[in-house]
Structures are given as structure tokens and as C-alpha cells.
Amino acid sequence: MSLLAELKTLYNLTLKPIRGRSHAERLDSFYRNQAAHYDEFRKRLLRGREEMLRELPFPDGGMWIDMGGGTGQNLEFVADRLPRLRKVYVVDLASSLMEIARDRVARRGWGNVEPVLADAITFSPPEGQADIVTFSYSLTMIPDWFAAIDHALELLVPGGHIGVVDFYVSRKHAEAGHRQHTWFTRTFWPIWFNVDNVYPSPDHIPYLERRFETVSFSEHWARMPYLPGFQTPYYRFIGLKRA
Ligand SMILES: C[S@@+](CC[C@H](N)C(=O)[O-])C[C@H]1O[C@@H](n2cnc3c(N)ncnc32)[C@H](O)[C@@H]1O
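All residue numbers for the sequence shown refer to numbering that gives the first Met the number 0, where the first residue is 0 and numbers rise by one.
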């Protein structure tokens, strides 16, 4: 990534005001000027996506919906499994990122993959229920993420899987078996990310655990580009829709 592209992305992440009256307008205002360099910059920031996807049991002939799939980068992580799937949807509300996803799908010749400009809370595929629904760093950007999780549960077939990877902070008094974050971590990261309309929450994990049977769950730290010595917490969750 060139220095100019890097500075442009940094400016968009930190200083440029995000404008718009609707959620979709605000997403486009945020992403429009950084879409071209999105993948290169985010691979240093959005950790654990490939690991989460590699853990999912994509069934032959199945359907996968990637909610808030952005540029379609996740498709590359599991490109070897795509031909065996009947249908894949990449759903996103930001039109600038969707254009990149459409170019990628056309270039790669993935005839069973359809990028759709739609809201993760309301999108429903005409084919019926899905086998896998994923959210990689998108739940923290969806204001009504409760509704997004509830909707994913409705979209899944019984026995289907949800995969989530995202930033988070622990509750003040974390549940048994979950990491306890310090006051600084619980306070600093939500303020830092809120500038970009990203909302790390203490409630994602408890809500996912309540709605799904936990298949696997792990908590991690990621180094932050340009903030030497700073690490931000993220989690990976794979859940099963109970029959
Ligand atoms: C941090 S990006 C992650 C993109 C992609 N999943 C990845 O891992 O590279 C979050 C994405 O969520 C999308 N998003 C936010 N709210 C959404 C909503 N209500 N419906 C669909 N997509 C949404 C944004 O446009 C953005 O592409």
C-alpha cells in the first residue's frame, strides 16, 4: 500500500466527519473514499476471519450468507470450498464496497455467488433457509445487532451454523469462563471505535450464547496498526441452531 493511500485511509478513519441521515448514507460516507484500499488496510486490523471461516462446516450443496460482507474478502479465505456450495450471498449496505464485491465475483467467475445491496436485518434469500450465516466485524457496525442475530437465527435451517468474529469488551463483572477486561480496556476501546460508528459491546457474546448452542468460542487480542503497544480484544464464536 502506497504512503499516499495509507494517509488517505488514516484520514478517513480518524478525521473525516461521517455524514448522512440514514445508516446506509453514513456507511457510504465512511467507506466511499477508502473502498479501493479497504482490503489491504483491514487485513492488518480485522484478525481471525480466516480462522473463523475455516472452522465452519460448509455442507456440500449448502447455502452461505455473509452478512455485512463488504468487499467479499471472506470469499477468498474459503475459495476452495465455494464450488461445492449451491449458493452464496454477500450482503452489505455500503454501495462502494458492494461494487468491489461485484467486480471480485465477476473476475473470479464464481457463478454461485451473488453480492446483494441490502440490510442484514431484513435480507431473506428467495431460495429459503441457509446452512451458514456469518458476520465478520459487521455486528459492531449494525446499530440494531440484536435484530441481526435474531434474523440470522430465523434464516438458518435447524442444525445450521452461525460464525461471528468481532471486537468486543467484557462486562464489568464477566461471566465465569470469560475474560475480565480492565476499566481502561472497557472504556478506551468503545470511545476509540465510536468515532467510526463501530460499537464494541459487552453483550454480543452473552446474547449469542443465549440464542445458539455454543460449538466453539475463543477470546483474543489484536495489535492495532499505528498504535504501538496497544492491543484490542476480539472474539470468535461458532454457534449451532438447535433443532
Ligand atoms: C468492518 S466492515 C467488515 C466487512 C467484511 N465483513 C470484512 O470482514 O472485511 C463492516 C461491514 O458491515 C457493513 N454493514 C453495516 N451495517 C450493515 C447492515 N445493517 N446491513 C448490511 N451490512 C452492514 C458495512 O457496510 C461494512 O461493509
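Glycine included, C-beta positions come from ideal geometry on N, C-alpha and C.
Measuring alpha carbon to alpha carbon, tell me which of the options ends up nearest residue i.
i: V77; options: I64, E126, R53, L92; result: R53
i: A100; options: L84, L74, L55, R83; result: L74
i: T30; options: A117, H180, L226, M97; result: The question names Thr, yet the displayed sequence has Tyr at residue 30. Ranking A117, H180, L226, M97 by Cα distance to Y30 puts M97 first.
i: E126; options: A117, A147, Y88; result: Y88
i: R85; options: R107, D59, R103, G68; result: D59
i: P124; options: L154, D149, T231, F145; result: L154
i: P199; options: E212, F211, H180; result: H180
i: D202; options: E174, W182, Q33; result: E174
i: R48; options: A242, K240, R241, Y234; result: Y234
i: E208; options: T231, P82, R241; result: R241
i: G68; options: A35, A117, R107; result: A117
i: P205; options: P82, S94, G176; result: G176
i: L120; options: N196, D195, T70, A147; result: Checking the sequence shown, residue 120 turns out to be Ile, not Leu. Out of N196, D195, T70, A147, A147 has the C-alpha closest to the C-alpha of I120.
i: F183; options: K15, F122, Q230, R222; result: Q230
i: K15; options: N196, A35, G158; result: N196
i: M51; options: R106, E39, R43, V214; result: V214
i: F122; options: G108, R107, L152; result: L152
i: P56; options: R83, E39, R20, V194; result: R83
i: T13; options: H22, R20, W144, N32; result: N32
i: P224; options: R185, R41, G19; result: R41
i: E39; options: H22, G228, Q72; result: Q72
i: R222; options: D79, S21, A35, R43; result: R43
Taking residue i and residue j to be in contact with their CB atoms under 8 Å, please state how far apart those CB atoms are, rounded to whole angstroms.
i: F192; j: F216; result: F192 to F216, Cβ: 21 Å. No contact.
i: L92; j: L26; result: 5 Å
i: E218; j: G238; result: No, E218 and G238 are not in contact; Cβ-Cβ is about 15 Å, not under 8 Å.
i: W63; j: D149; result: Not quite, the Cβ-Cβ distance comes to about 19 Å (not below 8 Å), so this is no contact.
i: V156; j: Q128; result: 4 Å
i: S28; j: I17; result: 5 Å
With a threshold of 16 other CB atoms inside 10 Å of the CB of residue i, please say whether the residue is buried or exposed.
i: I190; result: exposed
i: T65; result: Reading the sequence as shown, one finds Asp at residue 65 and not Thr. Per the 10 Å Cβ criterion, buried.
i: P232; result: buried
i: S95; result: buried
i: G159; result: buried
i: L226; result: exposed
i: W188; result: buried
i: G108; result: exposed
i: T70; result: buried
i: G61; result: buried
i: W220; result: exposed
May I ask whether a heavy atom of ligand 2 can be found less than 6 Å away from the beta carbon of residue i?
i: G47; result: With respect to small molecules bound, the structure shown includes ligand 1 and not ligand 2.
Answer yes if the stretch 160–179 comes into contact with the stretch 121–134, meaning at least three C-beta pairs across the two stretches below 8 Å, and no otherwise. yes
| message | Taking contact to mean 3 or more Cβ pairs, one atom from each stretch, closer than 8 Å, check whether the stretch 140–154 and the stretch 101–113 are in contact. | response | When C-beta atoms of the stretch 140–154 are compared with those of the stretch 101–113, fewer than three pairs fall below 8 Å, so the two segments do not count as touching.
**Q.** Validate contact between the stretch 168–188 and the stretch 101–109 using beta carbons, cut 8 Å, 3 pairs
**A.** no
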